[in-house]
Structure formats: C-alpha cells, structure tokens
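Everything in the sequence shown is counted per the working numbering, starting at 191 for the first residue and increasing by one.
Note that CB positions come from ideal geometry on N, CA and C, so glycine has one too.
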Amino acid sequence: MHGTLSKEWWSTKETRFAAPAQKKRIRLALLSFFLVLLLVFAEHLSRNTLLPSLAPRVDGTSNAFAVTAFSALQRVDEKLCSALGCFNRPVRDFSAWKITSATLSPENAREGLKSPTNQSILQVAIQNRLALAVLAPNLEISLTDAEESEIKSIQLTPKEWLPITWQESHTDFLRNGIASGEQIQTDLPLSLPANAAGFRVRVFYPQTQP
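Have a look at this one:
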C-alpha cells in the first residue's frame with residue numbers, strides 16, 4: 191500500500207516540536223538574565239571587599255589582561271554607584287605601597303654624620319601601586335649604627351610626613367586616601383645621633399587609625 195502525507199500533518203508536527211524548544215530558549219534567556227542580575231547586585235553589595243581583593247598593580251608587575259578587566263569592572267561599579275548609591279569603605283593595604291627611593295643628605299656636608307647636632311634631610315618617594323585609592327600609611331624611620339643595630343626609631347603619621355602643599359590640595363585624604371598610581375616625594379628633616387651610620391624606612395598601619 192502506498193500513500194502520501196498532507197502538508198497540514200507536517201506543519202502540525204513541526205509546530206508541536208518547535209513550541210517546547212522555543213519555551214526552553216525563553217527560560218534559558220530569563221535564567222541567564224536573572225543570573226547576571228544576581229551577580230551584579232552581589233558585586234554591588236560586596237564591592238568594598240571584592241574590589242580590593244581583585245585590584246591588580248599598576249606599576250607594570252600585574253598581567254595586562256587583569257588590569258584591563260579590572261578597569262572594566264570599575265566602570266560598571268561606577269555606573270551602579272551612580273544609580274544605586276555606594277558607601278566607599280577606605281582601603282588599608284600594606285602591600286599597595288612601594289618606597290621607590292630613600293636618600294639621606296646632611297644639611298652641612300662638612301659636618302657629615304659625625305656631628306652630634308647634625309641636621310639632615312631624608313628624601314622619600316612612595317607610590318600607591320594598587321589600582322584603587324588607599325589610605326595613607328604611617329612611616330617608620332629606623333636609624334642604625336655601623337653594625338646595623340637600631341639606635342633610634344621615628345614614627346610619623348600621614349599628617350606628619352605628607353608634604354603640606356599636597357595636604358592642602360587633598361583636604362579629604364584621611365578619608366579618601368591616595369589615588370591609584372600616585373607617587374609622593376617628601377623631605378623630612380632629621381636630627382641624627384652621633385653614631386648614626388645608616389637607616390631603614392618602612393610603611394605600616396597602626397592598630398587604630400587616627
């Protein structure tokens with residue numbers, strides 16, 4: 191026996207199989223949308239923890255792709271903040287700071303380091319390498335003798351070591367921190383002990399921020 195199928199039968203069959211597939215695509219699209227929406231809100235709610243943990247270095251030591259991706263994330267974060275509002279918690283990150291140079295120069299070269307009243311200038315250049323603004327740290331200057339034993343320690347708060355002109359142009363620096371990539375050079379007058387032969391400089395955050 192031979193027979194032919196009508197076009198209406200094929201049309202009905204194709205429609206019957208196409209409808210579930212279309213519904214599946216719609217559900218997948220909605221699921222993807224809600225997943226993206228969930229990720230966006232999760233990023234917004236955890237931004238004060240997430241952004242510092244993901245932030246790369248801007249001094250060339252981080253992968254270029256990571257820097258570009260984080261820059262895109264920051265742009266999205268800025269748009270979310272403009273629409274939803276944000277609370278920016280100050281970032282305290284010891285690893286963000288790099289002392290790029292430190293030089294001790296006697297004010298009176300003829301007196302050198304042997305004079306009990308020797309006044310010197312410590313020139314320090316420090317850079318925020320993180321791709322975020324970071325709170326200014328304290329500085330600790332350790333003076334050492336010829337055997338590299340510490341003979342004197344000087345601790346300076348941000349208000350004490352940051353240049354006055356810089357503080358005047360960044361009046362909210364204690365709240366907003368120092369911008370990403372910014373390098374600051376400061377001249378610090380020191381009175382050196384008679385047996386001072388060397389020095390060390392480090393950055394640190396106190397237990398309680400002033």
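Proximity winner among the options, relative to residue i (alpha-carbon distances)
i: residue 333; options: 353, 359, 386; result: 386
i: residue 391; options: 383, 378, 370, 373; result: 378
i: residue 340; options: 365, 395, 383; result: 383
i: residue 311; options: 397, 375, 246; result: 375
i: residue 241; options: 268, 348, 338, 290; result: 268
i: residue 364; options: 338, 330, 326; result: 326
Residue environment, residue i, which counts as buried when at least 16 other CB atoms sit within 10 Å
i: residue 299; result: Only weak support is given to the placement of residue 299: the predicted model assigns it a pLDDT of 47, under 50, and the question is left unresolved by the model.
i: residue 345; result: exposed
i: residue 353; result: exposed
i: residue 367; result: buried
Residue i, DSSP secondary structure in three states
i: residue 384; result: coil
i: residue 257; result: helix
i: residue 242; result: helix
i: residue 340; result: strand
i: residue 378; result: strand
i: residue 346; result: strand
Per DSSP, the bridge partner or partners of residue i
i: residue 368; result: 324
i: residue 247; result: 320
i: residue 288; result: 317
Whole-Å CB distance - residue i paired with residue j, under 8 Å assumed
i: residue 328; j: residue 371; result: No, residue 328 and residue 371 are not in contact; Cβ-Cβ is about 21 Å, not under 8 Å.
i: residue 176; j: residue 393; result: An answer regarding residue 176 cannot be provided, because it is not within the stretch 191 to 400 covered by the chain.
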